[in-house]
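As structure tokens, the structure follows; a few thoughts come after it.
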Amino acid sequence: MSQMITFTIESRLDNVALVGEAVMGLCALTPQLDSNQIRVAVIEGVNNAVLHAYHNEPGHLVQVVWCLKDDGLRIDITDWGEPLAQELSRQWPDDHQEGGRGGPLMWTCVDELHWHRDGEAKTLSLRKRLA
Amino acid sequence: MSNKNITLTIDSRLDNSRLVGLAVRGLCQLLPLDTEQAGQTELAVVEAVNQTITRAYASEPGNELSLDFSVAEDHLEIQIYDTGTTLDPGELETPDTAPPRLDDPDSWTGSNSWLAILRQTMDQVDYYSVGGLNTLVLRKYLVST
Chain A
57 MSQMITFTIE SRLDNVALVG EAVMGLCALT PQLDSNQIRV AVIEGVNNAV LHAYHNEPGH
117 LVQVVWCLKD DGLRIDITDW GEPLAQELSR QWPDDHQEGG RGGPLMWTCV DELHWHRDGE
177 AKTLSLRKRL A
Chain B
19 MSNKNITLTI DSRLDNSRLV GLAVRGLCQL LPLDTEQAGQ TELAVVEAVN QTITRAYASE
79 PGNELSLDFS VAEDHLEIQI YDTGTTLDPG ELETPDTAPP RLDDPDSWTG SNSWLAILRQ
139 TMDQVDYYSV GGLNTLVLRK YLVST
């Protein structure tokens, strides 16, 4: 059976930590997973939504759905802003390159990372398998 | 400075109140609350969510329950919304029953024991209903350390 809770914030960077800490609290239910990795991945994903999809403009929504099932944890981060210019790469950028570290950082924290679009909604889906 | 705000939404199932409690426990890490105050806040929220599910929604799943967690400079405000059965205003005006006691299980389930818990753990408790939307407001004042 799945357990699910949804978090919604306005697109302001000072709200991002709220999502991170709320998700961190839920990590008590998955002691077999590295809670800091989960927090980092979620914060990075929500930061991306605020900074890139909404260009750091307040007044928009970011929604995070936390869902725990028998086989793993899935966290979907949805925004309705500008889509990503390219897929999130696993590859770290060159030292001199500005940006591009969010993708590889998230990949180091999760088992699967998918990005999909449904109309105006863009969802980044993070998954961790339960060992 | 504008408030920091996050909305938590669950389906009206009692086993989901634990999720809200754990999320609020995490959120309290960002606030100048000591361990006891954070624990009180978590307890109040879980009690309030349980009450909302059992009273407003008669423990029926399939209804949405939302909770706004809002941090201002000097206080934390938690608003719990439901569209179920409205609480009798007289119940809130009734003097508290004695708070539940560890050594007296009968005291744990008194009709107003939940209100006593909220009033003991939070600084302010309000309730109102407008246009079918019921709102329970819990407030705790923050003292920066």
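Chains as they are written, first to last, in our numbering: chain A, 57 to 187; chain B, 19 to 163. Ideal Cβ placement from N, Cα and C applies to all residues, glycine included.
* Asked: Is any beta-carbon of chain A found at less than 8 angstroms from that of residue 157(B)?
  -> no
* If you check the beta carbons only, do residue 42(B) and residue 60(B) fall under 8 angstroms apart? -> yes
* Three-state secondary structure assigned by DSSP to residue 128(A) -> strand
* Spell out a yes or no on whether the region 98-114 of chain A and the region 71-79 of chain A are touching, meaning 3 or more CB-CB pairs, one atom from each, closer than 8 angstroms. => yes
* Taking three-plus beta-carbon pairs below 8 angstroms as touching, is the region 97-110 of chain B in contact with the region 71-88 of chain B? -> yes
* **Under 7 angstroms from the C-beta of residue 66(B): neighbouring residues of chain A** => Those within 7 angstroms of residue 66(B) in chain A number zero; the least Cβ separation is about 16 angstroms.
* Inspect the CB distances between the region 150-170 of chain A and the region 28-46 of chain B and report whether three or more fall short of 8 angstroms. => no
* To do: Answer yes or no: does any C-beta atom of chain A fall closer than 8 angstroms to that of residue 44(B)?
  => yes
* Pick helix, strand or coil for residue 27(B), following the three-state DSSP scheme. => strand
* Asked: In terms of alpha-carbon separation, which member of 29(B), 62(B) and 146(B) lies closest to residue 131(B)?
  -> 62(B)
* **Candidates 110(B), 49(B), 20(B) and 106(B): closest to residue 142(B) by CA position** => 110(B)
* To do: Mind checking the region 73-94 of chain A against chain B and listing, in chain order, the residues whose C-beta falls within less than 9 angstroms of any C-beta there?
  => 73, 74, 75, 76, 77, 78, 79, 80, 81, 82, 83, 84 and 85
* Determine the chain B residues that contact residue 179(A) at a beta-carbon separation under 9 angstroms, and present them in chain order. => Here the premise fails: no neighbours, minimum Cβ distance about 16 angstroms.
* Using DSSP bridges, identify the partner residues of residue 86(B). => 25(B) and 97(B)
* Does the distance from the C-beta atom of residue 67(B) to that of residue 89(B) stay below 8 angstroms? -> no
* Simplified DSSP state of residue 66(A), which is helix, strand or coil -> strand
* For residue 49(B), which residues of its own chain have a beta-carbon under 8 angstroms away from its beta-carbon, when the five flanking residues on both sides are left out? -> 56, 89, 94 and 160
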